[in-house]
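Add 20 to a position in the sequence shown, counting from 1, and you land on the number used in the numbering used here.
Backbone N, C-alpha and C define an ideal beta-carbon position, used for all residues, glycine too.
Owing to the predicted nature of the structure, the values given are computational and were not obtained by experimental measurement.
The block underneath contains the structure these notes are about, expressed in structure tokens.
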Amino acid sequence: MAAKRKRVLIVLIALLAVLSLLRIHYYAIRSVVVMWPYSLYHEQMSLMKKNDFNIEMPAGMISDQQGWHPLMIVFHDAEGFSNWTGEAWELTVLYRFGGFESGENHSAYYCRNSKRFSSFYGAYLIQHQEEPNAYYGFDSTGKMNPSAFMKVTEYDQRYLVMPSLGLSPSQVIFEVEMLEKEENIPYLQHNHWTRVDALIYTNSPEHRYREHQQGYLQYGLPIPPPEGKEDFYSVMLYGRIYARMIKSSQLSMALYILAPDMETLNEIDASLLSKTILPVDSMN
């Protein structure tokens, strides 16, 4: 009997430990539990799946990626971007944002004192639904148009990210100041990339909680803005895009970063974005 009581006690202690862990890390666990099947669902519809294009971007729980959400989330947009541009463009977005500190009910995405504040990195894949030889953001000579790719980031911010937090598209601020453009630079073991750096003036995600928003499922509960600031006040971010045509799959691709300062942007580039692995035939 003593041995049986001991086993029951051990099971009860283990259950209490699990329940305590779930309570402490509820919002972080909820984000992964919700976003993992959501991402898998969108991945099945994505341009990666349709074109057998296997892009691998750094994500997970390993030590050199602390401070980030463990998932690289996939979102596929078959109609919204097309409707916005007035052309038949299909868009797949890969994105990762700041993670949850232990026991916190919000991700670092909301935290203005964090290096992950308003930060994302990931990829855009774009393909024309009707013209196989059309490449979004590139002219007939293969020259990249920075404004076109910034329109993708604007669409992402104006119609996807901020509305998920309760801000209507008409209230979203998005202004771009180009800093630098470099063509035919080496990146990911290939020479034909165009890199663009820019300042982006847009909305802070900080706002006061009023009612539940869909975005809280992934980012956690919001943090209110500093005293004297309105909800979703304007902030300045640094943006970087590496773009190229993937002729083997008839795709336009951009790898991107949004960060609160240039030092953080360069750190994300060096430690994460530059570790992206692309299919060998895409480098031709």
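- When only Cα atoms are considered, TYR141 and GLN149 end up about 26 Å apart.
- Sequence-distant Cβ neighbours of VAL196 in its own chain, meaning closer than 6 Å and more than five residues away, are MET170, ALA218 and ILE220.
- Straight across, the Cα-Cα distance linking SER134 with TRP213 is about 30 Å.
- With a cutoff of 8 Å on beta-carbon distance, LEU275 and LEU293 are scored as near each other.
- Distance from the CA atom of GLU151 to the CA atom of ILE288, rounded to whole angstroms, is 35 Å.
- When DSSP states are grouped into helix, strand and coil, ASP217 belongs to the strand group.
- For TYR239, the three-state secondary structure derived from DSSP is helix.
- Fully contained in the stretch 38 to 120 are the following alpha helix (DSSP H) runs of length 4 or more, in chain order: 46 to 65, 67 to 70 and 100 to 105.
- Shown here, ALA279 sits in a strand according to DSSP, grouped into three states.
- Setting aside the 5 residues that flank it on each side, CYS131 is surrounded in the same chain by PHE137, each with a C-beta closer than 6 Å to its C-beta; the list follows chain order.
- Scanning GLU203, ASN223, PHE95 and SER272 for the CA closest to the CA of MET256 turns up ASN223.
- SER160 counts as exposed, since fewer than 16 other C-beta atoms from the protein chains shown sit within 10 angstroms of its C-beta.
- Non-local C-beta neighbours of TYR262 in its own chain, meaning closer than 6 Å and more than five positions away in sequence, comprise TYR207, TRP213, ARG215 and LEU275, ordered along the chain.
- When rounded, the separation of the alpha-carbon atoms in LYS295 and TYR144 is 16 Å.
- With a 10 Å radius around the Cβ and a threshold of 16 neighbouring Cβ atoms, GLN191 comes out exposed.
- In this structure, the CA atom of ARG228 is about 19 Å from the CA atom of GLY118.
- Looking at the DSSP output, ALA143 sits in a beta bridge with LEU114 and LEU275.
- With contacts defined as CB atoms closer than 8 Å, VAL94 and SER59 qualify as a contacting pair.
- Taken through DSSP and simplified to helix, strand or coil, MET164 comes out as strand.
- The secondary-structure analysis by DSSP pairs LEU257 across a beta bridge with ILE220.
- Residue nearest to TYR258 within the set GLN177, ASP281, PRO225 and GLY100 is ASP281 (criterion: CA-CA distance).
- For PRO299, the CB contacts under 6 Å within the same chain, skipping 5 residues up- and downstream, are ASN74 in chain order.
- Sequence-distant partners of TRP88 (beyond 5 residues in either direction) whose C-beta falls short of 6 Å from its own C-beta, in its chain, are ARG116 and GLY119.
- Per DSSP, the continuous beta strand (DSSP E) segment holding LEU199 begins and ends at 194 to 207.
- The C-beta of GLN147 has 16 or more other C-beta atoms within 10 Å across all chains shown, which makes the residue buried.
- SER269 and LYS70 have their C-alpha atoms some 10 Å from each other.
- Judged by DSSP in its simplified three-state form, ASN153 adopts coil rather than helix or strand.
- A check of alpha carbon separations from GLY235 across TYR61, TYR179, GLY162 and ALA79 identifies TYR179 as the nearest.
- In the assembly as shown, LEU114 is a buried residue. Its beta-carbon has 16 or more other beta-carbons within 10 Å.
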